[in-house]
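All residue numbers for the sequence shown refer to my numbering, where the first residue is 50 and numbers rise by one.
C-beta atoms are modelled at their ideal positions from N, C-alpha and C, and glycine is treated no differently.
Structure first, then comments.
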Amino acid sequence: MSSEADQTVPTSVYVHFPWCARKCPYCDFATEPVKTHTIPHEAYADAVLRELSSRAADLQERELVSVFFGGGTPSLWDAKALERTLEGIEEAFDSVSDDVEVTVECNPSSLSRQQARELHEAGVGRLSIGVQSLRDDHLRFLGRLHDSRQAVAALEGACAEVPRVSADLMFGMPGQQLDAFGMDIERIVAIGVGHVSAYALTIEEKTLFGSLHKAGKLRVAPEDRYADLFELAQRRFTDLGWKQYEVSNYAAEGEESRHNLHYWRGGAYVGLGAAAVGCLDRGPGDAFRWRNEPIPQRYLAHPTHRTETENLGPDEIVREALMLGLRTARGTDLVATQRRAGRDPRVGRERDLELAMQKGDLVQDGDWLRVPHDRWLKLDGIVRDLF
50 MSSEADQTVP TSVYVHFPWC ARKCPYCDFA TEPVKTHTIP HEAYADAVLR ELSSRAADLQ
110 ERELVSVFFG GGTPSLWDAK ALERTLEGIE EAFDSVSDDV EVTVECNPSS LSRQQARELH
170 EAGVGRLSIG VQSLRDDHLR FLGRLHDSRQ AVAALEGACA EVPRVSADLM FGMPGQQLDA
230 FGMDIERIVA IGVGHVSAYA LTIEEKTLFG SLHKAGKLRV APEDRYADLF ELAQRRFTDL
290 GWKQYEVSNY AAEGEESRHN LHYWRGGAYV GLGAAAVGCL DRGPGDAFRW RNEPIPQRYL
350 AHPTHRTETE NLGPDEIVRE ALMLGLRTAR GTDLVATQRR AGRDPRVGRE RDLELAMQKG
410 DLVQDGDWLR VPHDRWLKLD GIVRDLF
């Protein structure tokens with residue numbers, strides 16, 4: 050650990066693992082379903098480390114504060130290969146935070162208690178498990194490989210072996226009942242999970258569900274049912290003593306995802322792996338974002354190749370700071386945003402901000418701008434009206 054951490058820029062790393070055992074019908078992420086025995090575990094670690102080495106100049110005077118292995122299904126990656134990748138990431142930075150957060154996304158179908166133990170031994174302190182539901186009919190509808198029994202077993206094994214565990218829950222499936230969703234929440238919390246991401250089923254265009262919905266062959270929940278389920282989650286987690294610290298995320302005290310908070314607050318992040326995205330500030334009003342080669346086979350051959358690059362100016366930096374920050378309970382830090390963008394984020398939208406505050410859709414607390422908790426169902430519209 051460096052004693053000069055206070056002089057370095059807090060930076061997160063996202064590592065994308067592109068393979069999964071099955072492509073879920075609602076998923077539009079950059080993933081490739083494969084037979085698990087064909088995954089090139091060591092070759093992929095080598096490629097990520099080659100890319101990391103090529104980014105060495107970008108990592109100077111930076112402190113590593115979090116690492117997130119997402120996918121895909123990173124729990125399919127051999128723990129030793131993942132550990133080697135993590136060690137390489139930590140060695141590449143000038144300093145590593147004393148409480149660096151390392152998270153791995155997992156699916157219940159590929160997470161045993163033994164594997165959870167191996168991941169913890171590899172340096173992983175947090176698992177994020179894609180449970181989605183504890184109802185077998187919903188899991189079949191969502192095309193998941195696990196059933197409710199496997200979901201519970203994965204959560205119990207993870208909680209027994211890893212200090213911090215998060216679970217994903219989805220709502221808005223056809224026929225989903227309020228009381229059943231509430232019972233799922235209570236059961237997951239009772240197991241020992243400290244964090245839950247509860248998000249609505251979204252029909253994305255370039256997915257199997259998107260095609261079925263366009264053809265009129267997919268039944269979806271009515272819009273008012275989505276609202277009812279969202280509000281039930283708010284009430285249930287509040288009753289359990291948890292905080293809704295972001296529109297789709299709930300946590301027990303101290304269990305917030307530090308990686309995601311860093312991202313929502315406009316922090317610097319490096320993307321490694323196929324299809325990974327990174328964004329680093331170069332100075333006030335100037336940031337650089339890139340996306341890696343998305344096809345795994347091409348990435349393995351050319352891991353330093355970027356398929357998309359984008360220069361962000363003051364307007365883009367302010368827009369994203371508001372769009373992301375206003376999703377959180379704390380809101381957007383206006384001073385930090387001005388420092389990043391090189392100008393006051395309120396300039397040019399004074400009338401829109403004033404009107405939103407008059408309607409009670411926005412509140413300014415000192416240097417922070419936020420959407421009140423009771424207006425979160427309208428969040429997308431509130432943010433859209435600012436641009």
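Check: Cβ pair G322, A96 closer than 9 Å; Outcome: yes
Check: Whole-number beta carbon distance between I234 and R285, since they are thought to touch under 8 Å; Outcome: 5 Å
Check: Minimum C-alpha distance to V245 - residue among D196, E304, T256 and K263; Outcome: E304
Check: Reduced DSSP secondary structure (H/G/I, E/B, other) of G320; Outcome: strand
Check: Alpha helix (DSSP H) runs wholly inside the stretch 235 to 300, at least 4 long, in chain order; Outcome: 257 to 263 and 272 to 288
Check: Secondary structure of D143, DSSP reduced to three states; Outcome: coil
Check: P223 beta carbon less than 9 Å from that of V438; Outcome: Here the chain comprises residues numbered 50 to 436, so residue 438 is not present and cannot be evaluated.
Check: Every unbroken alpha helix (DSSP H) within the stretch 307 to 361, with a cutoff of 4 residues, ordered by chain; Outcome: 307 to 313 and 345 to 350
Check: Which residues DSSP lists as bridging Y63, in chain order; Outcome: F117 and G320
Check: Buried or exposed by the 16-neighbour rule on C-beta atoms within 10 Å, applied to V242; Outcome: buried
Check: Per DSSP, cross-strand counterpart(s) of V396; Outcome: Looking at the DSSP assignment, V396 forms no beta bridge with any residue, so it has no partner.
Check: Cβ-Cβ distance between L188 and S177 below 9 Å; Outcome: no
Check: Stretch pair the stretch 149 to 168 + the stretch 121 to 137: three plus CB contacts closer than 8 Å; Outcome: yes
Check: Residues near C208 by beta carbon distance below 7 Å, same chain, minus five either side; Outcome: V214, I240, G241 and V242
Check: Contacts around D143, its chain only, beta-carbon distance under 8 Å, and the 5 residues preceding and following it disregarded; Outcome: S51, E53, T57, L108, Q109, E110, R111 and E112
Check: Cβ distance (whole Å) where E342 is taken to contact H354 below 8 Å; Outcome: 5 Å
Check: Inter-residue Cα distance where the pair is R104 and E359; Outcome: 17 Å
Check: C-beta neighbour in chain C for A350, strict 9 Å; Outcome: Checking the listed chains, one finds no chain C in this structure; it contains a single protein chain.
Check: Rounded C-alpha distance that separates H169 from E210; Outcome: 7 Å
Check: Entirely enclosed beta strand (DSSP E) segments - the stretch 124 to 171, minimum 3 residues; Outcome: 144 to 155
Check: Close beta carbons around A130, own chain, < 6 Å, minus the five adjacent residues each side; Outcome: H90, E91 and A94
Check: Integer-rounded CB distance, given that R395 should sit under 8 Å from L402; Outcome: 6 Å
Check: R388 burial status per 10 Å Cβ neighbour count (16 or more: buried); Outcome: exposed
Check: Option nearest V116 by Cα separation, candidates D148, T87 and V201; Outcome: D148
Check: Stretch pair the stretch 70 to 82 + the stretch 246 to 266: three plus CB contacts closer than 8 Å; Outcome: yes
Check: Where the alpha helix (DSSP H) through E204 begins and ends; Outcome: The question names Glu, but residue 204 in the sequence shown is Leu. Segment S197 to E210, the alpha helix (DSSP H) holding L204.
Check: Residues near T134 by beta carbon distance below 7 Å, same chain, minus five either side; Outcome: V64, A94, V97 and L98
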